[in-house]
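Student:
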Amino acid sequence: MASLFSYDKKCYGDNMKTRENHIDCVEKEPGSLGITKVKLDRNACIGISACIAMAPHAFPALDEEGKAIINDPLGTSDEELLSAAQSCPVKAIILEDEKGNIIYP
Ligand code: SF4
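In the numbering used here, the protein residues as written are 38 to 142.
So, in structure tokens, the structure goes:
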């Protein structure tokens, strides 16, 4: 099962990227890097689990399809989220600010 937050359309903004595009998305309050959205490209994710090692609260496990689950990142710093995204070999983790600017990758 994917993230509980996968179907939160508000999270997708004007792009309206939906589950059909295989993008999971969670929202958060901005931290030191201004990250407000954490997205996971499920097509790109190959289940390496590097993100789980770097930010285990935000990325607690793989789902039954071998894709990373995104959890509510409350309590995970922006730096940890960035480290997790940078650790992903296929750049499946997308970090955005409140204006929709892509912080990473
Ligand atoms: S590091 Fe990237 S490829 Fe590996 S589980 Fe996390 S999101 Fe998927």
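From the three backbone atoms N, C-alpha and C, an ideal C-beta is built for every residue, glycine too.
If you draw a straight line from the C-alpha of K80 to the C-alpha of L111, how long is it?
Tutor: Start at 1 with the first residue of the sequence shown, and residue 80 comes out as number 43. Start at 1 with the first residue of the sequence shown, and residue 111 comes out as number 74. The amino acid occupying residue 80 in the given sequence is Asn; Lys does not appear at that position. Roughly 25 Å between the two C-alpha positions.
Student: Using C-beta distances below 6 Å, list every residue in its chain close to F42, excluding the 5 sequence neighbours before and after it, in chain order.
Tutor: In the sequence shown, residue 42 corresponds to position 5, counting from 1. For F42, the predicted model reports a pLDDT of 41, less than 50, meaning its position is unreliable and no value from the coordinates is stated.
Student: I'd like to know whether the C-beta atoms of M91 and S124 end up nearer to each other than 7 Å.
Tutor: One-based indexing of the sequence shown puts residue 91 at position 54. One-based indexing of the sequence shown puts residue 124 at position 87. Yes. Within cutoff.
Student: Given a threshold of 16 other Cβ atoms within 10 Å of its Cβ, counted over all protein chains shown, does I107 qualify as buried or as exposed?
Tutor: Position 70 of the sequence shown, counting from 1, holds the residue named residue 107. Label assigned to I107: buried.
Student: Cβ atoms of I60 and D78: under 7 Å apart, would you say?
Tutor: One-based indexing of the sequence shown puts residue 78 at position 41. One-based indexing of the sequence shown puts residue 60 at position 23. Contact: yes.
Student: With H, G and I counted as helix, E and B as strand and the rest as coil, what does DSSP make of A90?
Tutor: What you label residue 90 is simply residue 53 of the sequence shown in a count that begins at 1. DSSP places A90 in helix when its eight states are reduced to three.
Student: With a CB to CB cut of under 6 Å and the five nearest residues on each side skipped, what residues in its chain are close to K76?
Tutor: What you label residue 76 is simply residue 39 of the sequence shown in a count that begins at 1. Cβ within range, chain order: I60, C62, I131.
Student: Quick one: grab the DSSP three-state call for L70.
Tutor: Residue 70 sits at position 33 when you count from the first residue of the sequence shown. L70 falls in the coil class under three-state DSSP.
Student: Could you tell me if the beta carbon of S120 falls within a distance shorter than 6 Å of some heavy atom in the ligand SF4?
Tutor: Within the sequence shown, residue 120 is the residue found at index 83, counting from 1. Result no, Cβ not under 6 Å from the ligand SF4.
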